[in-house]
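**Q** Residue numbers (our numbering): 25 to 341.
1) Can you grab the Cα-Cα spacing for the pair residue 26 / residue 293, in whole Å?
2) Taking Cβ positions, are residue 270 and residue 236 nearer each other than 8 angstroms?
3) Could you have a look at residue 314 and say whether DSSP puts it in helix, strand or coil?
4) Nearest CA to the CA of residue 88: which residue from 170, 221, 326, 75?
5) Keeping to the same chain, check which residues put their C-beta closer than 7 angstroms to that of residue 82; ignore five residues upstream and five downstream.
6) Between which two residues does the beta strand (DSSP E) holding residue 57 run?
7) Taking the alpha-carbon of residue 140 as reference, which of 41, 174, 241, 302 has the nearest alpha-carbon?
8) Is it true that the region 267-287 meets the region 321-333, where meeting means three or more beta-carbon pairs spaced less than 8 angstroms apart?
9) On the DSSP bridge list, what partners appear for residue 265?
10) Using 10 angstroms around the beta-carbon of residue 44, count the other beta-carbons present and answer buried if the total reaches 16, otherwise exposed.
11) So, for residue 290: in the same chain, excluding its five sequence neighbours on each side, which residues have a beta-carbon less than 8 angstroms away from its beta-carbon?
12) Quick test of the definition: if touching needs 3 or more C-beta pairs under 8 angstroms, does the region 235-251 touch the region 190-200?
13) Assess contact between the region 254-265 and the region 309-316, defined as three or more Cβ pairs (one per stretch) separated by less than 8 angstroms. Is contact present?
14) Mind checking residue 164: buried by the 16 CB within 10 Å criterion, or exposed?
15) In three-state terms, what does DSSP make of residue 104?
16) Is the distance from the Cβ of residue 40 to the Cβ of residue 244 below 8 angstroms?
17) In its own chain, which residues sit with a C-beta less than 8 angstroms from the C-beta of residue 69, not counting the 5 before and 5 after it?
18) Between residue 52 and residue 30, what straight-line distance do the alpha-carbon atoms span, to the nearest angstrom?
19) Assuming contact is defined by CB atoms lying nearer than 8 angstroms, are residue 314 and residue 261 in contact in what I supplied?
20) Does the distance from the C-beta atom of residue 145 to that of residue 122 stay below 8 angstroms?
21) For residue 120, collect the residues of the same chain with a Cβ closer than 8 angstroms to its Cβ; drop the 5 residues on either side in sequence, then sort them by chain order.
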């Protein structure tokens, strides 16, 4: 049985991934790693062991790995895109210096490592439609630059040291569980909250801006499925294009109106978010993930919208 450490377990993805892994492997086999001041609470705290695990402290990570006999690390420590632009030095420190510490611990203790990349790893020179798996990656945000670096360092540790590194390039991730925390695609979460609360939604992303998206259950499945994939099938490792749907603000608005006919949306464009969004692809070609580890998302815009609204009505009303 695997023993897993999730670094960043109280974050947007980490909190749900930790619980999903505990359902999959058993609570005692999944350690919720967190930083001081962001302790797990409720089900996350009660569902299994937890430990302070700061990516800036390699010795601390090593102690936790040894104490719990960890063989797989999910490293989710990073700043999101908008926050990273406001704090570029911190974004690099956490995303790259922290990753280096994780990879060193993994090398010394023979652990596999998952560190997510992002659609943000592409830039304005990348083909925008059906972006290939292997293509130009010249992002102009510190978030994107750190994600490209993440892919390269992870590949380096695999080829030089044999560390089993794997990652996906996540698109925007939509969830009803954890509130968004500073990402360019957060509007696609916020819009559902406004719809359920009966509020007019003010959209910060321009009409016509296509971005790839994924519902959280599919994102969790992608992370777990890739780490359990047969390594002999993997031509690529860091990171795989994965996607489930692509839409612009008007399309998600019209889909919600099928369920909430009186819902209203207006535009008040945020220049920073718009600039970041415009530098990302409109859609990704995820055929390599489908061929190499059988990636196949379950949700599209229609089915995700129905479930998001249903789940948020239970949560908020």
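Where is the CB? At the ideal position from N, CA and C, for every residue including glycine.
**A** In brief:
1) Residue 26 sits at position 2 when you count from the first residue of the chain shown. Residue 293 sits at position 269 when you count from the first residue of the chain shown. Taking the straight line joining both Cα atoms gives about 46 angstroms.
2) Residue mapping note: residue 270 aligns to position 246 of the chain shown, counting from 1. Residue mapping note: residue 236 aligns to position 212 of the chain shown, counting from 1. Yes, these two residues count as a Cβ contact at 8 angstroms.
3) Residue mapping note: residue 314 aligns to position 290 of the chain shown, counting from 1. Residue state, collapsed to three classes: helix.
4) On the chain shown, residue 88 is found 64 positions in, with the first residue counted as 1. The residue with the shortest Cα to Cα distance from residue 88 is 75.
5) Taking the chain shown and counting its residues from 1, the one referred to as residue 82 is at position 58. Closer than 7 angstroms at Cβ, skipping near neighbours: 125, 128, 129.
6) For the purposes of this step, residue 57 is identified with residue 33 of the chain shown, where counting begins at 1. Run containing residue 57: 54-58, per the beta strand (DSSP E) assignment.
7) As a first step, residue 140 must be located in the chain shown, where it is residue number 116. Residue 174 is the option with its Cα nearest to residue 140.
8) yes
9) As a first step, residue 265 must be located in the chain shown, where it is residue number 241. Note: residue 265 sits in a beta bridge opposite 193.
10) Position 20 of the chain shown, counted from the start, is the residue given in the question as residue 44. Its Cβ being crowded by 16 or more others within 10 Å, residue 44 is buried.
11) To locate residue 290, count along the chain shown from 1; it is residue 266. Only 224, 225, 226, 227 meet the Cβ criterion.
12) yes
13) yes
14) Reading the chain shown from its first residue, position 140 is the one you call residue 164. Exposed, since its Cβ has fewer than 16 Cβ neighbours within 10 Å.
15) Residue mapping note: residue 104 aligns to position 80 of the chain shown, counting from 1. Note: residue 104 maps to coil in three-state DSSP.
16) In the chain shown, residue 40 corresponds to position 16, counting from 1. In the chain shown, residue 244 corresponds to position 220, counting from 1. It is a contact, given that the beta carbons lie within the stated cut-off.
17) Position 45 of the chain shown, counting from 1, holds the residue named residue 69. Only 56, 63 meet the Cβ criterion.
18) In the chain shown, the residue the question calls residue 52 occupies position 28. In the chain shown, the residue the question calls residue 30 occupies position 6. In a straight line, the C-alpha of residue 52 is about 13 angstroms away from that of residue 30.
19) Taking the first residue of the chain shown as 1, we reach residue 314 at position 290. Taking the first residue of the chain shown as 1, we reach residue 261 at position 237. Not closer than 8 angstroms, so no.
20) To locate residue 145, count along the chain shown from 1; it is residue 121. To locate residue 122, count along the chain shown from 1; it is residue 98. In this structure, residue 122 does not lie closer than 8 angstroms to residue 145 by Cβ.
21) Here residue 120 refers to the residue found at position 96 of the chain shown. Same-chain partners within the cutoff: 170, 173, 174, 177.
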